[in-house]
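In full-length UniProt numbering, the protein residues as written are 1 to 323.
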């Protein structure tokens, strides 16, 4: 085994079976064989009845090729099944503040591995708002948003993350012309952790384990907090989110696996910085790194949590599109 070759005990490494494009029956078979920890990338927002599961796959451009859906649904036309009570779900997809309330409704959600510190380029949302409202609607003066923006925001449920829009409007009211320096600033918030914390307590469930996702490769397509901001977010979770249990750090290495050791080394350095700054024993701070193509290397470099899909389940299978 990879752990033994690295001089480690197999018990030190958790395997999260990521069931890309596989049916619920296949997941049940692996469960029956004794595996208990499964990972999914997306939780459908229309959560209705617990313990009824249906799995779908779909493509999302530039995000690991595909996304899996764990949907709690009450559509009788869908094939439904009840999975045993001791299954453990790890959410490893994109965390959205406005959807975090749904995590608490997932039965046996054991851990959310992808909590990050959302960063939004002001410039991107500046042009997005122009596209929505028109170039003449941005500001009626240099000090306050136009009536057009305010009226639309009051009357419609826009598909824009609410906290981003609120921050954007606040910034617009102070921007005095939106010069380039202001537009290029980043809005830093801890909304994902905050929303998740409130969701856990509102549903009356036990505190939820989370990992902080770190963008160790610097790729814009990857989610995660910058390594330099890792301590800040972890401290926020520990001090301000009593219903979340900080359990460690997670990263997704570059697809060019020859450069992956650098990504893994960066995550290890982040753990050292976090533990030193906040007085956390390193053995209480997990490292979730490594997937099917690089998990052995990750284990050699100290990973305690590997996310494996194709090696366990075989090649991905996508439903044929209707012609």
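The beta carbon of each residue, even a glycine, is placed where N, CA and C say it ideally should be.
What residues in its chain sit with their C-beta under 6 Å from that of residue 241, if we drop five residues either side in the sequence? Excluding sequence neighbours, residue 241 sits near 193 and 197.
Candidates 247, 280, 263 and 87: closest to residue 209 by CA position
Minimum Cα distance to residue 209 is reached at 247.
I need the DSSP call for residue 17, collapsed to helix, strand or coil. DSSP, reduced to helix, strand and coil, places residue 17 within a strand of the structure shown.
Exercise. May I have the straight-line CA-CA distance separating residue 268 from residue 287, to the nearest angstrom?
Key: Whole-angstrom Cα-Cα distance: 8 Å.
- Query: For residue 239, which three-state DSSP category applies?
  - Reply: Looking at residue 239 - three-state DSSP - the assignment turns out to be helix.
Would you call residue 7 buried or exposed, if buried means 16 or more other Cβ atoms sit within 10 Å of its Cβ? For residue 7, the number of other beta carbons within 10 angstroms of its own is below 16, and it is reported as exposed.
Quick one: Cα of residue 86 to Cα of residue 35, how far? Between the C-alpha atoms of residue 86 and residue 35 there is a straight-line separation of about 10 Å.
Cβ-Cβ separation, residue 13 to residue 37 (assumed contact under 8 Å), whole Å
That belief does not hold up - the Cβ atoms of residue 37 and residue 13 are roughly 11 Å apart, past 8 Å.
(Q) In this structure, how does DSSP classify residue 286 when only helix, strand and coil are distinguished? (A) Residue 286: strand per DSSP, three-state reduction.
- Query: Who are the near neighbours of residue 284 in its chain, counting only those whose CB is closer than 6 Å to its CB and skipping five residues on each side?
  - Reply: Around residue 284: no qualifying Cβ.
Check: Quick one: what's residue 214 bridged to in DSSP?
Finding: In DSSP, residue 214 forms a bridge with 225.
query = Hey, would you say residue 225 sits closer than 8 Å to residue 237, going by beta carbons?
reply = Not in contact: residue 225 and residue 237 (Cβ atoms no closer than 8 Å).
Short of 6 Å in beta carbon distance, which residues of its chain neighbour residue 305, apart from the five on each side in sequence? Order them along the chain. Taking C-beta separations shorter than 6 Å and ignoring five residues to either side along the sequence, the partners of residue 305 in its chain run 14, 286 and 288, following chain order.
Residue 30 in three-state terms, based on DSSP
Here residue 30 sits in helix by DSSP.
As a quick exercise: from 201, 263, 214 and 311, pick the residue whose alpha carbon is nearest that of residue 298. Closest by alpha carbon: 263.
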